[in-house]
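Chemist: Before I ask anything, here is the structure I am working with.
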């Protein structure tokens with residue numbers, strides 16, 4: 012069995028890294044053949060100078076190019092989730108799947124884009140959803156969706 016990776020690479024950086032590895036492989040082949048280690052003229056024209064501020068702004072915009080793997084849901088957790096969902100359905104509560112993108116109407120009459128990050132049973136037996144608003148990563152908000 013192969014070992015699991017500590018993270019899964021994704022995003023725009025994956026292609027750039029693959030292209031870099033390909034250029035390095037070609038450079039090593041030229042070096043091993045006794046030729047010049049300088050890139051060919053057509054390769055040299057592909058290089059574009061970009062300021063560090065532009066690169067950092069691009070990374071900020073698109074986010075990191077890796078994602079941590081998520082643990083599989085255990086049988087006990089799955090049964091508990093299904094029990095809570097069934098109880099909520101019977102009580103007529105709204106159930107929204109984790110990862111669903113929603114818009115929530117705020118007190119000022121504005122719609123706030125958000126993602127459902129989780130759900131669980133509240134102390135009074137109602138189903139509450141953990142909501143992560145776009146632009147407010149890492150902050151937890153719990154709502155009873157109707």
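In the working numbering, the protein residues as written are 12 to 157. Don't be surprised by glycine CBs; every beta carbon is placed ideally from N, CA and C. It should be emphasised that the depicted structure is a prediction, and the values quoted were computed from it without experimental measurement.
The beta strand (DSSP E) that contains residue 21, what's its start and end?
Modeler: Note, residue 21: premise wrong, no beta strand (DSSP E); not H, not E.
Chemist: Pull up the DSSP beta-bridge partners for residue 140, would you.
Modeler: Bridge partners of residue 140: 130, 154.
Chemist: Who are the Cβ neighbours of residue 141 in its own chain at under 8 Å, not counting the five residues just before and after it?
Modeler: Around residue 141: 127, 128, 129, 130, 131, 151, 152, 153.
Chemist: Using 8 Å for Cβ pairs, my map puts residue 105 next to residue 156. What's the rounded Cβ distance?
Modeler: Contact flag correct, Cβ pair sits at about 4 Å.
Chemist: Taking the alpha-carbon positions, what's the residue 113 to residue 59 distance?
Modeler: Distance between the alpha carbons of residue 113 and residue 59: 40 Å.
Chemist: At what residue ranges does the segment 75-120 contain a whole run of the beta strand (DSSP E), taking only runs of 3 or more?
Modeler: Here the runs fully enclosed are 112-116.
Chemist: Just mark residue 43 as buried or exposed, buried being the case when its beta carbon has 16 or more other beta carbons within 10 Å.
Modeler: Its Cβ having fewer than 16 others within 10 Å, residue 43 is exposed.
Chemist: Can you give me the C-alpha to C-alpha distance between residue 144 and residue 115, rounded to a whole angstrom?
Modeler: Cα to Cα, the separation comes out at about 9 Å.
Chemist: Pull up the DSSP beta-bridge partners for residue 125, would you.
Modeler: Answer is 113, 144.
Chemist: My output table needs one value for residue 61: the three-state DSSP class, helix, strand or coil.
Modeler: Correct three-state label for residue 61: coil.
Chemist: Measure the CB-CB distance between residue 82 and residue 138 and report whether it falls below 7 Å.
Modeler: Going by C-beta atoms, residue 82 is not nearer than 7 Å to residue 138.
Chemist: Out of curiosity, what's the CA-to-CA distance linking residue 118 and residue 95?
Modeler: Rounded to whole angstroms, residue 118 to residue 95 spans 29 Å at the Cα level.
Chemist: Rounded to whole angstroms, what is the Cα-Cα separation between residue 62 and residue 45?
Modeler: Straight-line Cα distance between these residues: approximately 34 Å.
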